[in-house]
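Chains as they are written, first to last, in my numbering: chain A, 54 to 394; chain B, 825 to 1099.
Note that CB positions come from ideal geometry on N, CA and C, so glycine has one too.
Presented below is the structure to which this report refers.
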Amino acid sequence: MQENQGVWVFIEVNDGKIEGVSLELLGAGRKLADKLEVPLAGVMLGEGVMPLANEVIYAGADQVYVVDHPVLKDYRTESFMKGVCILAEKYKPEIFLYGATPNGKDLASAVATDLSTGLTADTTMLDVDVEKRLLEASRPAFGGNIMATILCKKHRPQMATVRPKVMKALEADTGRKGVIIEEELELREEDMRTKVLKIVKDVTKKASLAEAHVIVAGGKGMGDIQGFQLIHELAEVIGASVGGTRDVVEAGWLKHEQQVGQTGETVTPKIYFAIGISGAIQHVEGMKNSELIIAINKDPNAPIFDVATYGIVGDALEIIPKLIKQFKELSKEKGGEMSYV
Amino acid sequence: MHIVVCVKQVPDTKIIKINPKTNTLDRRSAPAILNPYDAHAVQEAVKIRDKTGGTISVLSMGPPQAVAVIKKSVEIGADQGYLISDRAFAGADTLATSYALSKALEKISKNNPIDLVICGKHAIDGDTGQVGPGIARRLDIPPITNVIEVSEVNKDEKYVHIKRKQIDGYEVLQSQLPCLLTVEKEINDIEYAPMPNMIKAARYEPVIWSVNDLEDVDKTQLGLKGSPTIVGKMFSPPKLEGGKRLEGNPDSQVEQLMGVLLERKDLLKLNTANS
């Protein structure tokens, strides 16, 4: 265990681009590596990914391990797990981070089983106890009511998946130097029991929440599905996307993919309206990094006001129609539609 | 086809309370339910069995009262159930849980080879999603997570076609059988349980195995002992910097808010082409 050294980040590549969460993790990993005084490495698998290796270094890594192989063209648990396990057993990192994306979580779970080590899911805070060389991975627990710090004392590497958009990426520094290590692995297509037949991109869906500039989100405080229509109306008038809490999704007022929060989407819009939302930590985890948060809620003690840039204590059913009216007049006056920077 | 669905009894996290003094869960405050994702897993198994024929077993690990979620699964349409229940399993993290469940699956498979294992995407009390892929690795079968549709099951040529949810769309995969799927809620709608299932469920007594009923078990890999991760501490989430409250009557509040938004031209800019 003592021989394990270094912080690793799994670099997820989709469509020839590095996923944002991988860059965020290089930023977070840089801090851990500096504290521990060890190198930070990126681990990148795929076909034709070599040209991206420099980006990993610009984002904070000292080293990049690259496996470039036709079998790794599309993500599959079997091929990626095999590649990652071979590297981890050869170079023995002490900390290994993955983005909590579908592929990142899938891969980390399989790798942890094969390496017989601990894995903390959906981490939102990372720190390290330098003296004990222990990763402190904290995550919302039990439906998000409380935070738990998970430790892995005796097994290495210490592994965690980390939620997208909760850590900060560093500004890309094109002057940064690092080492690119290309690994040749023997991977054979005939050993793979799974095949990717088709990949279908649904671009509209991604743009609708995770990348929206403005989101109008509603909670149970809207009363019923009729009341919730006001959320849609306001969003329509200002050209925003609609989101909601787990409660409203479970009540059937919104689709699953419109849920904002720990078990839904993590969002980082410029403006986030939280209307009739009390602000359970689980929801807050998914939206707290929004630039401007406006909360409207009847309950003056609602925790959402602890997060909101501006808060209005009041009845949403009374306030939103007024807001809609104002926006409508404004756009008529200006002769155009809302647009966002 | 022999389909095994892994299910878990969980506290309903929407209702559970935290003791503010000790920062621990008051488990008695919440009713125990079948993990909602697992209900969809059982429902999907029923849909597949109704097409291909065969049998559905459910497997759970937990205290004796977890027989309730097996009965619930029988209500949805499972044929039989197994509960592994023993103090030796207590305190297991995902690594130790996947080990214990895989040992039970090996035993179940001896009598009736397993073609397909289905799990919920994750349990709502742990939210990790790690046990499913862990089981698949231990059984050395391919895992496919985040499944939103099982479009084809070919039991003769032993493969499945599935749709897997991705960050920005979905992918269609083909996997050899046996394999393990973890399913999303949108895969199906839970149907009303037919009366005969309800009667069967009410009378059903699942098989209960202790650790000694399982074979070739390395006890050091079970429970707390076999769990590499531990909870270091629990704490309330950090308070974020709260902001300004807009005072006055609703009209004035709305006016102030409009003022604030219009001022932030870096965030919102009106299309002023005509003005």
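| Asked | Found |
| --- | --- |
| Per DSSP, cross-strand counterpart(s) of residue 318 of chain A | A/313 |
| Beta strand (DSSP E) runs contained entirely in the stretch 307-377 of chain A, provided each spans 3 or more residues | 324-328, 345-350, 363-366 |
| Straight-line Cα distance separating residue 382 of chain A from residue 1098 of chain B | Any reading at residue 1098 of chain B must be qualified, since the residue scores a pLDDT of 38, below 50, and its modelled position is unreliable; the value itself is stated next. Residue 1098 of chain B and residue 382 of chain A: Cα-Cα distance of roughly 15 angstroms. |
| Partner residues on chain A for residue 1047 of chain B, Cβ-Cβ distance less than 8 angstroms | Result: empty, since nearest Cβ-Cβ is about 14 angstroms, beyond 8 angstroms. |
| With 16 other Cβ atoms within 10 Å as the buried cut-off, status of residue 1096 of chain B | Caution applies to residue 1096 of chain B, whose pLDDT of 44 falls short of 50 and renders its modelled position unreliable; the value that the coordinates give is listed next. It counts as exposed. |
| Beta-carbon gap between residue 1007 of chain B and residue 865 of chain B smaller than 8 angstroms | yes |
| Contacts that residue 155 of chain A makes with chain B (C-beta to C-beta distance below 9 angstroms) | 969, 970, 988, 989, 990, 991 |
| C-beta contact flag for residue 913 of chain B and residue 1035 of chain B at 8 angstroms | yes |
| Contact with chain B by residue 298 of chain A, beta-carbon distance below 8 angstroms | no |
| Close beta carbons around residue 132 of chain A, own chain, < 7 angstroms, minus the five adjacent residues each side | 124, 125, 240, 245 |
| Alpha helix (DSSP H) segment containing residue 1059 of chain B, residue limits | No alpha helix (DSSP H) contains residue 1059 of chain B, which is instead part of the beta strand (DSSP E) from 1053-1059. |
| Under 8 angstroms between C-beta atoms of residue 1074 of chain B and residue 371 of chain A | yes |
| Start-to-end residues for the alpha helix (DSSP H) that takes in residue 124 of chain A | Note, residue 124 of chain A: premise wrong, no alpha helix (DSSP H); not H, not E. |
| Residues bridged to residue 856 of chain B (per DSSP) | B/835 |
| Burial state of residue 1087 of chain B (16 or more Cβ within 10 Å) | exposed |
| Residues of its chain near residue 1009 of chain B, where Cβ-Cβ distance is below 6 angstroms and the 5 sequence neighbours each way are ignored | 864 |
| Interface partners of residue 289 of chain A on chain B, CB under 7 angstroms | Going along chain B, no residue has its Cβ under 7 angstroms from residue 289 of chain A, so there is no contact; the nearest lies around 16 angstroms. |
| Closest Cα partner of residue 1045 of chain B within the set B/876, B/926, B/875 | B/926 |
| Close-in-space but distant-in-sequence residues of the same chain around residue 995 of chain B (CB under 7 angstroms, 5 per side omitted) | 988 |
| Option nearest residue 190 of chain A by Cα separation, candidates A/228, A/148, A/167 | A/148 |
| Every unbroken beta strand (DSSP E) inside the stretch 982-1040 of chain B [3 residues or more] | 983-990, 993-1000, 1003-1007, 1031-1033 |
| Alpha-carbon spacing of residue 89 of chain A relative to residue 194 of chain A, whole angstroms | 27 angstroms |
| Contact with chain B by residue 162 of chain A, beta-carbon distance below 8 angstroms | yes |
| Identified DSSP bridge partners for residue 301 of chain A | Looking at the DSSP assignment, residue 301 of chain A forms no beta bridge with any residue, so it has no partner. |
| Proximity to residue 369 of chain A [Cα-Cα], best of A/339, A/341, A/329 | A/329 |
| Chain C residues whose Cβ lies nearer than 7 angstroms to that of residue 1052 of chain B | Reference to chain C is not applicable here, since the protein chains of this structure are A and B. |
| Residue 247 of chain A, enclosing beta strand (DSSP E) - first and last residue | 247-254 |
| Selected residue, minimal CA-CA separation from residue 997 of chain B, among A/129, A/230, A/229 | A/129 |
| Nearest candidate by alpha-carbon position, reference residue 1067 of chain B, set A/224, A/376, A/356, A/237 | A/356 |
| Proximal residues to residue 14 of chain A (C-beta, below 8 angstroms), its chain only, five neighbours per side dropped | For chain A, the structure presents residues 54 to 394; residue 14 of chain A sits outside this window and is missing. |
| Any non-hydrogen atom of the ligand MG closer than 7 angstroms to residue 911 of chain B Cβ | You won't find the ligand MG in this model; it holds no ligand whatsoever. |
| Close Cβ partners of residue 899 of chain B (< 6 angstroms) along its chain, the five nearest in sequence each way excluded | 1017, 1021, 1022, 1025 |
| Counted within 10 angstroms of its Cβ, other Cβ atoms place residue 251 of chain A as buried (16 or more) or exposed | exposed |
| Coarse secondary structure for residue 1071 of chain B, derived from DSSP in three states | coil |
| Given 8 angstroms, three or more beta-carbon pairs between the stretch 963-971 of chain B and the stretch 96-103 of chain A | no |
| Close beta carbons around residue 345 of chain A, own chain, < 8 angstroms, minus the five adjacent residues each side | 323, 324, 325, 362, 363 |
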